[in-house]
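> Dropping the structure in here first, questions after.
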Amino acid sequence: MKSNKWQFWLGAGVSLSLLLILLYQVDLGELKDVLRDANYTLLAPSIAIYFVAVFFRAARWRYLLSPMASIPVRRLYPVVVIGYMANNLLPVRLGEVVRSYYLARQENLNTSSALATIVVERVYDGVTLLAFAALSAPWLLLLGEFDGAANVSRTTGIIFLIATVSAFSVLLTFFTLLGSSASFANRMENWLNIFPPGPRPKIKGIFRTFVTGLAVLNSPAKHLGLFIYSLPVWLLEGSMYFLLAYSFGIDDHFSSVWVLLLVVMLLTATSNLATSVPSAIGGIGPFEVVAQQTLMALGVGASLAGAYSGFVHLIALWLPVNIAGLILLWKSNLSLREITQSPRSDSLEIAPGLAGDTVGDGS
Numbered sequence: 106m107k108s109n110k111w112q113f114w115l116g117a118g119v120s121l122s123l124l125l126i127l128l129y130q131v132d133l134g135e136l137k138d139v140l141r142d143a144n145y146t147l148l149a150p151s152i153a154i155y156f157v158a159v160f161f162r163a164a165r166w167r168y169l170l171s172p173m174a175s176i177p178v179r180r181l182y183p184v185v186v187i188g189y190m191a192n193n194l195l196p197v198r199l200g201e202v203v204r205s206y207y208l209a210r211q212e213n214l215n216t217s218s219a220l221a222t223i224v225v226e227r228v229y230d231g232v233t234l235l236a237f238a239a240l241s242a243p244w245l246l247l248l249g250e251f252d253g254a255a256n257v258s259r260t261t262g263i264i265f266l267i268a269t270v271s272a273f274s275v276l277l278t279f280f281t282l283l284g285s286s287a288s289f290a291n292r293m294e295n296w297l298n299i300f301p302p303g304p305r306p307k308i309k310g311i312f313r314t315f316v317t318g319l320a321v322l323n324s325p326a327k328h329l330g331l332f333i334y335s336l337p338v339w340l341l342e343g344s345m346y347f348l349l350a351y352s353f354g355i356d357d358h359f360s361s362v363w364v365l366l367l368v369v370m371l372l373t374a375t376s377n378l379a380t381s382v383p384s385a386i387g388g389i390g391p392f393e394v395v396a397q398q399t400l401m402a403l404g405v406g407a408s409l410a411g412a413y414s415g416f417v418h419l420i421a422l423w424l425p426v427n428i429a430g431l432i433l434l435w436k437s438n439l440s441l442r443e444i445t446q447s448p449r450s451d452s453l454e455i456a457p458g459l460a461g462d463t464v465g466d467g468s
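One rule links them: number in our numbering = place in the sequence shown (from 1) + 105.
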């Protein structure tokens, strides 16, 4: 419990610091005017689109779980919603652990194996978002949309892109080798001999069940399938950003709807990749700052970019899934406290480190 409190306050400090940086760059009077003048009629359809995207997340998870069990999407959907709600309310992305434990409890699966599929899911989120950035950024550069950006912004963006590509390439390669090569998995298991003899058998057992959850990565065709499953997830979420861009008049800063589409693709990528940095409350802070900086690099004013970024994240992404998740828990006669106080014997004591190192979804 003390460890969780320490993680919470550290993450809360990171989030608060980043939000203060965002507020420092905006004019509060302009911010108030932007929020007052925005057209909120597109909020409801944007939220509806997000929950359709969650359906595709559940469908992708069914594909990831298929080597272990055949679970209908209708049963996975509420588990995904509850997991994202927990991610928003718990420190260092512990919602991933909650989701794996809750699924294991509902479907009689091993928690560690379920967690492995979630790790793969997050890596493929990163791969898909990097594809969005690789497609949109060069076109925006050729179109001159970055001409107003300072050299330091370009340099920071290039460093961020290189570091992110490298990190996700390493993760994808490592998990693919674990899931497809028995000899590689055995070599990695031998490294666990550094643990004391007492807990070593239990840790190795957890490792083996984790590797079981990576079985879907054992062929190029399955990698392609995962990428195809990931596309509608992020195309739909990007559609939310696109609609709300019209609500805030972001479209007025670009010459055509096609340029705006490229901008939204890049914004979807950068803001969600930024949430791979663990924070106390659902990526609050990293998302807003990176989204704001992305728009500012493309010529949007700091106050407008800050208001739009905060609204998209907090009102369209963060709040609705939290309400839906809490309602689903209530209907199941459970509380957030109950599903977070899961038995230590179910492998959760080492899982947070694995869950906290992968990309987020803006939730």
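Every residue, glycine too, gets a C-beta built ideally from N, C-alpha and C.
1) Does the distance from the CB of residue 225 to the CB of residue 331 come in under 9 Å?
2) Under three-state DSSP, which class holds residue 249?
3) Give the range of the alpha helix (DSSP H) segment to which residue 144 is assigned.
4) How is residue 131 classed by DSSP in three states: helix, strand or coil?
5) Which of helix, strand or coil does DSSP assign to residue 361?
6) Compute the Euclidean distance between the alpha carbons of residue 412 and residue 240, then round it to the nearest angstrom.
7) Select from 372, 394, 393 and 442 the residue whose C-alpha is nearest the C-alpha of residue 234.
8) Count the CB pairs spanning the stretch 414-430 and the stretch 386-393 that are closer than 8 Å, and state whether there are at least three.
9) Can you tell me where the alpha helix (DSSP H) holding residue 418 begins and where it ends?
10) Whole angstroms are fine: how far does the CA of residue 436 sit from the CA of residue 231?
11) Given that a residue counts as buried once 16 or more other Cβ atoms are within 10 Å of its Cβ, and exposed if not, what is residue 219?
12) In chain order, what are the residue ranges of uninterrupted alpha helix (DSSP H) at least 4 long that sit wholly in the stretch 296-345?
13) Please look up how many angstroms separate the CB atoms of residue 378 and residue 158, rounded, as I've assumed it's under 8 Å.
14) To which residues of the same chain is residue 376 closer than 6 Å at the C-beta, ignoring the five residues directly before and after it?
15) Below 9 Å between beta carbons: does that hold for residue 317 and residue 177?
16) Indicate the three-state DSSP secondary structure (helix, strand or coil) for residue 174 in the structure shown.
17) Are there 16 or more other CB atoms within 10 angstroms of the CB of residue 278, so buried, or fewer, so exposed?
18) Measuring CB to CB, does residue 202 end up less than 9 Å from residue 408?
19) Could you spell out the range, first to last residue, of the alpha helix (DSSP H) harbouring residue 442?
20) Here's a check: name, in chain order, each residue in its chain whose Cβ is nearer than 6 Å to the Cβ of residue 217, leaving out the five neighbours to either side.
21) In three-state DSSP terms, what is residue 291?
22) Taking residue 150 as the reference, which of 440, 388, 439 and 345 has the closest Cα?
23) Output yes or no for whether 9 Å exceeds the beta carbon distance between residue 162 and residue 211.
24) At what residues does the alpha helix (DSSP H) containing residue 387 begin and finish?
25) Would you decide whether residue 362 is buried or exposed? Buried here means 16 or more other CB atoms lie within 10 Å of its CB.
26) For residue 145, does the count of other Cβ atoms within 10 angstroms reach 16, so buried, or fall short, so exposed?
27) Under the rule that 16 or more other beta-carbon atoms within 10 Å means buried, what is residue 215, buried or exposed?
28) Looking at the structure shown, is residue 352 part of a helix, part of a strand, or coil, going by DSSP?
29) Report the option in 351, 184 and 401 whose CA atom is closest to the CA atom of residue 434.
30) Going by beta carbon distance, what residues of the same chain come within less than 7 Å of residue 174, once the five residues before and after it are set aside?
31) Assuming the contact rule is C-beta atoms closer than 8 Å, residue 251 and residue 402 should be a hit. Round their C-beta distance to whole Å, please.
32) With distances taken from CA atoms, which of 152, 194 and 147 is nearest residue 387?
33) Starting from residue 405, trace the alpha helix (DSSP H) both ways and give me its first and last residue.
34) If distances are taken between C-alpha atoms only, which option among 295, 227, 307 and 131 comes closest to residue 188?
35) Could you check which residue in 368, 303 and 405 has the C-alpha nearest to that of residue 247?
36) In the structure shown, what three-state DSSP assignment does residue 438 receive?
In terms of the structure at hand:
1) Yes.
2) coil
3) Per DSSP, residue 144 belongs to no alpha helix (DSSP H) and is neither H nor E.
4) coil
5) coil
6) 26 Å
7) Shortest Cα-Cα distance from residue 234 to any of 372, 394, 393 and 442 involves 372.
8) yes
9) No alpha helix (DSSP H) contains residue 418, which DSSP labels as neither H nor E.
10) Taking the Cα positions, residue 231 is about 33 Å away from residue 436.
11) buried
12) 305-317
13) No, residue 378 and residue 158 are not in contact; Cβ-Cβ is about 17 Å, not under 8 Å.
14) Only residues of its own chain outside the window of five on either side were considered, and among them 392, 395 and 396 have a CB closer than 6 Å to the CB of residue 376, listed in chain order.
15) no
16) coil
17) exposed
18) no
19) 441-445
20) Excluding residues within five positions, the ones whose Cβ falls inside 6 Å are 311, 314, 315 and 452.
21) helix
22) 345
23) No. Outside cutoff.
24) First-last for residue 387: undefined, no H or E at that position.
25) Its Cβ having fewer than 16 others within 10 Å, residue 362 is exposed.
26) Around the beta carbon of residue 145, a 10 Å sphere encloses fewer than 16 other beta carbons of the protein chains shown; the residue is thus reported as exposed.
27) It is buried - the Cβ of residue 215 has at least 16 other Cβ atoms within 10 Å.
28) In the structure shown, residue 352 sits in a helix (DSSP, three-state: H, G or I).
29) 184
30) 212 and 214
31) 6 Å
32) 194
33) Careful: residue 405 lies outside any alpha helix (DSSP H) and carries neither H nor E.
34) 227
35) 368
36) coil
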